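Worksheet for the structure shown next.
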Amino acid sequence: MLKLAVPKGRLEEKVMKFLRKAGYTFEKESSILREGKDITCFLVRPFDVPTYLVHGVADVGFCGTDVLLEKETNLIQPFFIPANVSRMVLAGPRGKGIPKGEKKIATKFPNVTRRYCESKGWHCKIIALKGSVELAPIAGLSDLIVDITETGRTLRENNLEVLDEIFVIRTHVVVNPVSYRTKRKEVISFLERLQEVMKNDTYEKSQ
Ligand code: PRP
Numbered sequence: 016m017l018k019l020a021v022p023k024g025r026l027e028e029k030v031m032k033f034l035r036k037a038g039y040t041f042e043k044e045s046s047i048l049r050e051g052k053d054i055t056c057f058l059v060r061p062f063d064v065p066t067y068l069v070h071g072v073a074d075v076g077f078c079g080t081d082v083l084l085e086k087e088t089n090l091i092q093p094f095f096i097p098a099n100v101s102r103m104v105l106a107g108p109r110g111k112g113i114p115k116g117e118k119k120i121a122t123k124f125p126n127v128t129r130r131y132c133e134s135k136g137w138h139c140k141i142i143a144l145k146g147s148v149e150l151a152p153i154a155g156l157s158d159l160i161v162d163i164t165e166t167g168r169t170l171r172e173n174n175l176e177v178l179d180e181i182f183v184i185r186t187h188v189v190v191n192p193v194s195y196r197t198k199r200k201e202v203i204s205f206l207e208r209l210q211e212v213m214k215n216d217t218y219e220k221s222q
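Going by my numbering, the sequence shown opens with residue 16, and the numbers climb by one from there.
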């Protein structure tokens, strides 16, 4: 029996579709738990996926590059799944550019932002938020934001523009290193089944 951490929201349907195509069925289904003969899925907040793996209660998970880099976990990442590609960007009010001197940056990704500012040699004040980051420059809480953009709609709606691309975000299959040793056969067979059904699926590039 393998235990999977599946992120709720944008990716949930895509992942569940691949699992069903790979032949996995569930006898019991609720909004947070899907229980089958071969696999059990925990449906969790995307940021919590690595936590379930690191604590050893899930063997395999699905996780964005954004969460992996923010959490700095040591999980095995055998491949990524075909899903929309988004980007982590530095953005700010249209036409204003990057301010000189100390910069105030609002973000849901303080670790990613800190490392980015260090790499640029910038002096920054990082303001950690849980959501609606685009509001921060409008409300005067920050000069800039570091956030995810996929279609670019949210930035446009809020009169913000991309000033720099930090990294591309894909959805990785992640494996707990202990499960990879102790349940090797089961994990590899699961990954092979998943890869097989993903073969014919194409990337929907959204840019
Ligand atoms: C992300 C991000 C933006 C939005 C960008 O939030 O923080 O708000 O998506 O997407 P777009 O370029 O297609 O408009 P998400 O919807 O993941 O929700 P969250 O704020 O609850 O994390």
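Ideal Cβ positions, reconstructed from N, Cα and C, are used throughout, including at glycine. Since the structure is predicted, the reported quantities are computational estimates derived from the model, not experimental observations.
Original post:
Among the residues of its own chain, which have a CB less than 6 Å from the CB of T164, if the five just before and after it don't count?
Top reply: R102, V104 and L170
Subject >> Reduced DSSP category for H138 - H, G, I as helix; E, B as strand; rest coil >> reply: coil
**OP:** Evaluate T40 with the Cβ neighbour count: other Cβ atoms within 10 Å of its Cβ, from every protein chain shown; 16 or more gives buried, anything less gives exposed.
**Re:** exposed
Subject >> Those residues which DSSP pairs with C132 across a bridge >> reply: Its beta-bridge partners do not exist; DSSP assigns none.
Subject >> Paired residues, beta bridge with H187 - DSSP >> reply: C78 and F95
Original post:
Enumerated in chain order, which unbroken segments of the alpha helix (DSSP H) with a length of 4 residues or greater are wholly contained in the segment 33-72?
Top reply: 64-69
Original post:
Between C56 and H187, is the Cβ-Cβ spacing less than 8 Å?
Top reply: no
**OP:** Taking all protein chains shown into account, decide if I47 is buried (16 or more other Cβ within 10 angstroms of its Cβ) or exposed.
**Re:** exposed
Original post:
Since I54 contacts V190 with CB under 8 Å, what's their CB separation in whole angstroms?
Top reply: No, I54 and V190 are not in contact; Cβ-Cβ is about 14 Å, not under 8 Å.
Original post:
Of the residues V64, E172, G116 and K123, which one's Cα is nearest the Cα of G136?
Top reply: G116
Original post:
So which of E85, E133, K36 and E176 has the shortest CA-CA distance to F205?
Top reply: K36
**OP:** Could you tell me the boundaries of the alpha helix (DSSP H) in which I163 lies?
**Re:** From DSSP, I163 is part of no alpha helix (DSSP H) but of the beta strand (DSSP E) over L159 to T164.
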